[in-house]
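For what it's worth, the working numbering labels the leading residue of the sequence shown as 306, then goes sequentially. Okay, so here's the structure we're looking at.
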Amino acid sequence: MTAQPNAAAPAGSIKLADLTVHRLGFGAMRICSGYTWGMPKDRPGALQVLKQVVALGINFIDTADSYGPEVSETLIAEALHPYPAGIVIATKGGYTRPNEGSWVANGHPDHLRKALEGSLKRLRLNCIDVYQLHTPDPRVPFTDSVGALAALQRAGKIRHIGLSNVSVQQLNEARRIAPIVSVQNHYNYEDQSDESVLAACERLGIAYIPWYPLGAGQSLKSAKLKKIALQHGATSVQVALAWLLARSPVMLPIPGTGKLAHLEENVGAAGLRLSAEQMQTLR
Ligand SMILES: NC(=O)c1ccc[n+]([C@@H]2O[C@H](COP(=O)([O-])OP(=O)(O)OC[C@H]3O[C@@H](n4cnc5c(N)ncnc54)[C@H](OP(=O)(O)O)[C@@H]3O)[C@@H](O)[C@H]2O)c1
């Protein structure tokens, strides 16, 4: 395993208010077992992947209390605490996991307060750099959920607030309560239906974090991505990530993997530049 501290740097940087990170991050959902349920069978291997994330110069790690549940955050601290300077860990609260197949929204202020305390403990932090509301909860007024995070921010437990799985209207509602630094929504080459939220983030100059940036693996199958990959001597996955990076300056992809080889392949996209003609082919 080699340290290549500048591997992620060619992706460029983005500001999350006063924090600056490389525009290619890491999604830490896939380091858990199964569909993000339980400890991975190869725990040392998962810890090695997390260490290599940082060795490759990736300084934005996305996680959530519900990944595992609690497993992803626990492994991040085990692998990386005390955290090197400049590492931003963005966690999320607002989902519970009664079993492997279920994700149940809970945006009640009491739940969010407890969830944040759990994340602080597992990540061994006094303040979370970026705390994201994982999803609006249809049973709780959205403004109550965001209001709870704003109060925790005032209490010094959250540095910056992010949102996930929101509409433009919800983004605007949240911004009336507290500054919002990022939106994390479903977006990738195969599914660009969230264009309106991406455009809103561009207008506001805040980060847009596409989840499933590889279509959860679907990008491997795209004929168009394959064609461009051949022209670069790259892989379809690398072209899918390079396309995202080129699509918008506010894009901050967080590809997820539990495998070292895939991590190294994915970070290889940071320096891949697609021509205007190739971007046109990919439209
Ligand atoms: N906010 C939300 O509601 C939400 C929802 C889903 C995800 N997320 C976040 O977004 C992150 C990214 O999403 P994701 O991990 O679900 O999906 P993804 O990044 O689109 O794709 C990950 C899948 O592709 C595979 N993969 C990764 N790199 C590969 C490579 N180079 N070659 C071949 N296969 C590769 C992974 O398997 P291997 O492990 O075998 O590499 C995994 O099955 C998550 O980790 C999580 O942090 C957020």
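Glycine included, each C-beta is placed from N, C-alpha and C at the ideal position.
CB H413 to CB V393, shorter than 7 Å? no
Under three-state DSSP, which class holds L454? helix
Is it buried or exposed, G330, if we count other Cβ atoms within 10 angstroms and call 16 or more buried? buried
I want to check one thing, is the minimum distance from the CB of S469 to the heavy atoms of ligand 1 below 6 Å? yes
Give the DSSP bridge partners of A410, in chain order. Y400
So R464 is in the beta strand (DSSP E); what residue range does that whole segment cover? 463–469
Return the chain-ordered list of same chain residues with a C-beta closer than 6 Å to the C-beta of G362, the five sequence neighbours on each side being excluded. P310, N311, A312, A313, A314
Since T448 sits in a beta bridge, which residues does DSSP pair it with? Paired residue(s): none; T448 is not in a bridge.
So what does DSSP say about K564, is it helix, strand or coil? coil
Using 8 Å for Cβ pairs, my map puts L428 next to I381. What's the rounded Cβ distance? 6 Å
Expressed to the nearest angstrom, what Euclidean distance is found between the alpha-carbon atoms of A551 and R578? 8 Å
Segment contact flag, the segment 507–526 with the segment 368–380, C-beta cutoff 8 Å, min 3 pairs: no
Determine the extent of the alpha helix (DSSP H) in which L430 is found, giving its start and end residues. Run containing L430: none; DSSP gives neither H nor E here.
Alpha carbon to alpha carbon, how far is N493 from A534? Give it in angstroms, no decimals. 17 Å
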